[in-house]
Every structure is written in C-alpha cells, then in structure tokens.
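See structure below.
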Amino acid sequence: MKSVLACLPMLLLSVLCHAADSDAPVIRAGDSWRYQDVAESTAGTTQGIRQITVTRVADGHIEYTLQQGGTPQSRTVQTDWSRVHTFNGQDRVIDRPFLFPLENGKTWELHSAGPVSDSGKVTEVRDEQYAVNGVEMVNVAAGRFKTIRVEAQAQWTTEPGHIRSHSTRTLWYAPDAKRWVKAEETVYDANGMQRQHVTEELQSLQLAP
C-alpha cells in the first residue's frame, strides 16, 4: 500500500504534464518561427525560407507577419492556427489543423464551401478529416522536440472546371514550440497521380517571455 501511495504523486504529475502538452498554447506578440520549405513537383524542386512573427493576439485571433522572399505580408489566423477566408465580410474556416486539447485518438472533421479567390469567381468545396496519432520525438534543425502527431486527409473540388484533388498531410506539433516543427503534405490529382510533395522544417524559433 505504501508503495502505491508513493507512486501517486508521480502519476498525478505525469497526467498533469500530458494535459498541459495537449492544451492550446499561449501565443504572445514577439513569438517567431523560421521554416525551410521544400516543394517537389513534376516541374522540379524549389526551396525557400519562411519567417512567421506574431504582432498581436486579441479577440480570438493571431495577427502575424509572413516574410517569404519579398515584402512582409500581414496575415490573421484563429488562436488554434485555423485559417479563415473572408469574402464579402463573411468569414469561413478553410483549414483547422488542431482542435485542442490534442488527445491521442481524437478526431475531427471540417467541411467548407465557397469562394477561394478575391473576385469570387473561383469556388471550392472541401472536406478534411483529422486524427491525433500518438507522440513522437522529432529532430529538426531547431532542435529535438517531443511532438504530437496529427494526420489529415482532404478532398476538394474546384470550379470552374470541376477539378478534383485530394491530399494527405502530417503535422508534428511541439508544445514547447507552440506550433508544428515539421510538416509533410502530398497532393494528388483525380487519377491518384502525385502532383506535389511539400515539407516544412523548423530552422529556429524565438518565444516571447
């Protein structure tokens, strides 16, 4: 009995640590991540560096600057890193990579339909399925991280042209980095032929105190 009681504090600490890891991160202005992106397609391979720097967090949104070669661009996402497309004043979630807390075995889906161009002439119907699939230690240029593996599948149809595509995607989310430290996505056409393979790897990060 004494040995069981002695183990209880350690067990409780383990549970609390896991809960903290799976909870949504606290994003602050000044948080910054630098990625190397590699895109492979039939046209060849391209590489680039992408810098994301948070400028403001308020009202359930993260505002950040995206530096990718040219002039920095201002972007806004939700605090769980979901991307939103706005058309005629209406917001629509088009990508939800995380649904906190990220507990092993958890699944969620996202359906979206509407314009994907500023003119409204190009529309898309999109379905995504996500699943949390365990914990992995991952080595990237920025260091070694304990990550939560999130796997996703997506299917979409773009009009005009009724162009159908689908993709598989894996994100390695690191609680200590507040974001994914590695990502891979493969896009296929309607015939199952691979069109593109993209990898992202964290090169460095700076988190505000």
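Per mature numbering (1 follows the signal peptide of the UniProt record, and there is no 0), the sequence shown runs over residues -19 to -1, 1 to 190. Ideal Cβ placement from N, Cα and C applies to all residues, glycine included. Treat the numbers as computed from the prediction; the structure is a model and nothing was measured.
Nearest candidate by alpha-carbon position, reference residue i, set the options
{"i": "serine 3", "options": "Glu105, Pro96, Ala155, Val119", "result": "Ala155"}
{"i": "isoleucine 144", "options": "Gly101, Val162, Asp170", "result": "Asp170"}
{"i": "isoleucine 75", "options": "Phe81, Gln59, Gly86, Asp40", "result": "Gln59"}
{"i": "valine 179", "options": "Val7, Ser63, Arg107, Gly29", "result": "Gly29"}
{"i": "alanine 10", "options": "Trp137, Ile33, Met174", "result": "Ile33"}
{"i": "glutamine 136", "options": "Arg150, Lys87, Phe126", "result": "Arg150"}
{"i": "serine 98", "options": "Glu117, Asn85, His66", "result": "His66"}
{"i": "proline 141", "options": "Gln49, Val103, Gly70, Thr128", "result": "Val103"}
{"i": "threonine 138", "options": "Asp61, Val106, Thr23", "result": "Val106"}
{"i": "serine 146", "options": "Gly25, Leu152, Trp153, Gln134", "result": "Gln134"}
{"i": "valine 7", "options": "Gln17, Glu21, Ala24, Val38", "result": "Val38"}
{"i": "glutamine 17", "options": "Tyr45, Pro78, Gln49, Thr23", "result": "Gln49"}
{"i": "glutamate 166", "options": "Asn172, Ser55, Leu152, Gly173", "result": "Leu152"}
{"i": "valine 113", "options": "Ala123, Val119, Thr128, Ser100", "result": "Thr128"}
{"i": "glycine 86", "options": "Ser13, Tyr111, Arg64, Trp62", "result": "Tyr111"}
{"i": "tryptophan 161", "options": "Ser93, Pro53, Tyr45, Asp61", "result": "Asp61"}
{"i": "aspartate 157", "options": "Gln177, Gly124, Gly173, Arg176", "result": "Gly124"}
{"i": "arginine 77", "options": "Thr88, Ser63, Gln71, Trp89", "result": "Ser63"}
{"i": "arginine 176", "options": "Glu21, Ser55, Val119", "result": "Glu21"}
Residue i: first and last residue of the uninterrupted beta strand (DSSP E) it sits in
{"i": "methionine 118", "result": "104 to 121"}
{"i": "histidine 143", "result": "Taken as a continuous stretch (DSSP letters only), histidine 143 belongs to no beta strand (DSSP E), as it is neither H nor E."}
{"i": "arginine 73", "result": "71 to 76"}
{"i": "glycine 86", "result": "Note, glycine 86: premise wrong, no beta strand (DSSP E); not H, not E."}
{"i": "aspartate 170", "result": "160 to 170"}
{"i": "arginine 176", "result": "175 to 187"}
C-beta contact flag for residue i and residue j at 8 Å
{"i": "leucine 186", "j": "arginine 15", "result": "yes"}
{"i": "glutamate 109", "j": "leucine 91", "result": "yes"}
{"i": "glutamate 181", "j": "lysine 159", "result": "no"}
{"i": "valine 35", "j": "threonine 26", "result": "no"}
{"i": "valine 121", "j": "leucine 80", "result": "no"}
{"i": "phenylalanine 68", "j": "glycine 101", "result": "yes"}
Whole-number beta carbon distance between residue j and residue i, since they are thought to touch under 8 Å
{"i": "glycine 73", "j": "glycine 41", "result": "Looking at the sequence provided, one finds arginine at residue 73 rather than glycine. Rounded, the Cβ-Cβ distance is 15 Å, inconsistent with contact."}
{"i": "leucine 188", "j": "valine 131", "result": "Leucine 188 to valine 131, Cβ: 21 Å. No contact."}
{"i": "threonine 57", "j": "isoleucine 43", "result": "7 Å"}
Distance cut-off 7 Å: residue i Cβ against heavy atoms of the ligand FMN
{"i": "tryptophan 161", "result": "Absence of the ligand FMN from the depicted structure is noted, as is the absence of any ligand whatsoever, leaving it without description."}
Whole runs of the beta strand (DSSP E) within the segment 22 to 67, excluding any shorter than 3 residues: 25 to 39, 42 to 48, 54 to 59
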